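Numbered by my numbering, the letters in the sequence shown go through residues 3 to 340 in order. Positions of the beta carbon are idealized from the N, C-alpha and C atoms, including for glycine. Given the structure is predicted, the values throughout are model-derived calculations rather than measurements. See below for the structure under consideration.
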Amino acid sequence: MASIRTNSRIYTIERFILDRQADFPDATGALTSLLYDMAVAGKLISSHTTRAGLADILGSAGQENVQGEEQQKLDVYAHRIIYQLNDHTGRLAVMGSEEEENVVPIPEKYSAGKYVLLFDPLDGSSNIEYNVSVGTIFSVFRRKSKSGPGTLDDCLQSGHEIVAAGYIVYGSSTMLVYSTGDGVHGFTLDPSIGEFLLSHPDIKLPDKPKYYSVNQGYYRRWSEGVQRYTSWLQGEDGGDHSLSQRYIGSMIADIHRNLLGGGVFYYPADTKSPKGKLRLLYEAIPMSFLIEQAGGYASTGYGPLMDVVPTELHQRTPLYIGNRDLVKKAEEFITQYG
């Protein structure tokens with residue numbers, strides 16, 4: 003495998019992806035180009051998010067998405083950018099977006115490729131007016147159908163079938179984190195030259211976690227097992243395993259922090275959302291793939307989230323994700339107390 007010597011060489015994301023492609027002599031370059039175009043999307047969206055307060059692109063777009071949530075102007079912009087970078091390339095059979103009710107077809111005038119792209123254009127966009135970190139999440143699968151236009155069935159695949167996944171977080175700096183199944187690597191955007199540079203090679207969750215992340219305002223909606231688990235994380239049993247709470251309210255930012263600092267993020271099912279709140283395909287599966295590539299674990303509370311085969315494009319799920327021991331402990335509490 004091509005070596006990475008960050009102490010002596012500057013690696014752009016383009017060079018890094020091309021070096022990885024060289025490890026696979028039969029590669030066509032389609033996945034390489036797709037990943038690079040997602041980096042381009044990140045640059046464009048980052049530029050808009052940093053200028054949002056000055057460019058009349060804050061606030062509502064005046065309509066709701068399929069989730070029943072008010073679309074923000076930046077949601078619409080981010081969706082359009084990702085679509086326009088990918089609809090004509092011949093790499094994709096079909097796309098799926100968190101902002102669209104149905105699959106997003108490739109126009110008939112373009113050839114259909116072998117990959118499927120699923121994306122949440124701007125996770126946490128309701129926080130953008132408050133200068134809170136937001137992000138883009140994406141995953142890539144191989145199509146299951148043999149030829150022709152891609153189908154819904156091509157999109158409904160478990161996390162075990164992922165070819166690549168990543169996210170781009172827009173905060174004090176813009177960082178792209180991705181994996182193709184051989185580790186997790188992070189790149190920070192240098193705005194002075196407009197390039198993503200390798201800053202976090204081979205990311206692993208720290209052995210000693212620091213944080214737990216959950217919206218404790220929903221405590222009374224939770225099951226007894228989730229309530230007891232939260233008390234355990236706070237060290238109320240007298241143990242020395244207590245963690246500090248950190249909760250931004252932007253899932254991508256919370257999981258990104260815990261990936262680098264160690265910890266657990268969870269969004270349980272509750273009395274208001276008995277099937278969970280997070281989107282299985284657009285949020286939970288890609289983030290679970292990345293965390294597990296970094297040595298962690300993701301669960302529904304009852305078992306591995308990566309085992310779940312979606313039956314709907316916008317299916318919801320509970321999610322517990324982070325350091326393996328912490329997530330396994332959540333499963334123990336939920337199994338015992340419900």
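Tell me whether P312 is buried or exposed, calling it buried when 16 or more other Cβ atoms sit within 10 Å of its Cβ.
Within the sequence shown, the letter at position 310 stands for residue 312. It counts as buried.
Quick one: measure Cβ to Cβ for T34 and Q23, integer angstroms, because I've assumed they're closer than 8 Å.
In the sequence shown, the residue the question calls residue 34 occupies position 32. In the sequence shown, the residue the question calls residue 23 occupies position 21. That belief holds up - the Cβ atoms of T34 and Q23 are roughly 5 Å apart, short of 8 Å.
ask   = What did DSSP end up calling P288 once you bin it into helix, strand or coil?
value = Within the sequence shown, numbered from 1, the residue matching residue 288 stands at position 286. In this structure, DSSP gives P288 a helical state, which the three-state scheme calls helix.
### Task
Output the boundary residues of the alpha helix (DSSP H) element that contains D256.
Position 254 of the sequence shown holds residue 256. Looking at the DSSP string, the run of the alpha helix (DSSP H) that includes D256 is M253 to G263.
Please go through the same chain and pick out, in chain order, the residues whose beta-carbon is closer than 7 Å to the beta-carbon of R230, but skip the five residues on each side of it.
Position 228 of the sequence shown, counting from 1, holds the residue named residue 230. So the qualifying residues of the chain are F335 and Y339.
If S141 and I164 are in contact, beta carbons under 8 Å, what's the gap, nearest whole angstrom? For the purposes of this step, residue 141 is taken as the residue at position 139 of the sequence shown. For the purposes of this step, residue 164 is taken as the residue at position 162 of the sequence shown. A Cβ-Cβ separation of about 6 Å places S141 in contact with I164 under the 8 Å criterion.
Exercise. Which one of S252, M253 and T232 has the shortest CA to CA distance from L245?
Worked result: What you label residue 245 is simply residue 243 of the sequence shown in a count that begins at 1. Among S252, M253 and T232, the Cα nearest to that of L245 is on T232.
- Name the two residues that bound the continuous beta strand (DSSP E) containing M97. Position 95 of the sequence shown holds residue 97. Run containing M97: L94 to S99, per the beta strand (DSSP E) assignment.
Quiz prompt | Continuous alpha helix (DSSP H) stretch holding F189: start and end | solution = On the sequence shown, residue 189 is found 187 positions in, with the first residue counted as 1. Counting along the chain, F189 sits inside no alpha helix (DSSP H); it lies in the beta strand (DSSP E) bounded by residues H187 to D192.
Other residues of its chain near L20: CB distance less than 7 Å, five sequence neighbours each side excluded: Position 18 of the sequence shown, counting from 1, holds the residue named residue 20. Contacts found: T34.
Q) If you draw a straight line from the C-alpha of D25 to the C-alpha of Q236, how long is it? A) Sequence index remark: in the sequence shown, residue 25 carries index 23 (1-based). Sequence index remark: in the sequence shown, residue 236 carries index 234 (1-based). Between D25 and Q236, the C-alpha separation is close to 45 Å.
Between D39, G297, I287 and V96, which has its C-alpha nearest K210's C-alpha? Working through the sequence shown from its first residue, we reach residue 210 at position 208. K210 has its Cα closest to that of G297, out of D39, G297, I287 and V96.
Own chain partners of G31 with C-beta closer than 7 Å, once the 5 adjacent residues on each side are dropped = As a first step, residue 31 is located in the sequence shown; it is residue number 29 there, counting from the start. These residues qualify, in order along the chain: Q23.
* Straight-line CA distance for D122 to T302? -> Position 120 of the sequence shown, counting from 1, holds the residue named residue 122. Position 300 of the sequence shown, counting from 1, holds the residue named residue 302. Their Cα atoms are separated by approximately 20 Å.
- Would you mind stating whether S215 and G264 have Cβ atoms separated by less than 8 Å? Residue 215 sits at position 213 when you count from the first residue of the sequence shown. Residue 264 sits at position 262 when you count from the first residue of the sequence shown. Cβ atoms of S215 and G264: not closer than 8 Å.
Quiz item: If R223 and K277 are in contact, beta carbons under 8 Å, what's the gap, nearest whole angstrom?
Solution: Looking up residue 223 in the sequence shown gives position 221. Looking up residue 277 in the sequence shown gives position 275. Not a contact, Cβ separation roughly 13 Å.
- Would you tell me roughly how many angstroms separate the C-alpha atoms of A63 and D155, rounded to the nearest one? Indexing the sequence shown from 1 puts residue 63 at position 61. Indexing the sequence shown from 1 puts residue 155 at position 153. Here the model assigns A63 a pLDDT of 44, short of 50, so the residue's position is not dependable and the matter cannot be decided.
**Q.** Burial state of R11 (16 or more Cβ within 10 Å)
**A.** Counted from its first residue, the sequence shown places residue 11 at position 9. The residue is exposed, with fewer than 16 neighbouring Cβ atoms inside 10 Å.
Using DSSP with H/G/I as helix, E/B as strand and the rest coil, what is D125? Looking up residue 125 in the sequence shown gives position 123. In this structure, DSSP gives D125 an extended state, which the three-state scheme calls strand.
Q) What residues in its chain sit with their C-beta under 6 Å from that of A80, if we drop five residues either side in the sequence? A) Translated into positions along the sequence shown, residue 80 becomes position 78. In chain order, I47, P123 and L124 place their CB closer than 6 Å to the CB of A80, counting only its own chain and leaving out the 5 sequence neighbours on each side.
Query raised in the report: In chain order, what residues of the same chain lie with their CB nearer than 6 Å to the CB of V228, ignoring the 5 residues before and after it?
Result: In the sequence shown, counting from the first residue as 1, residue 228 sits at position 226. Result list for V228: P270, in chain order.
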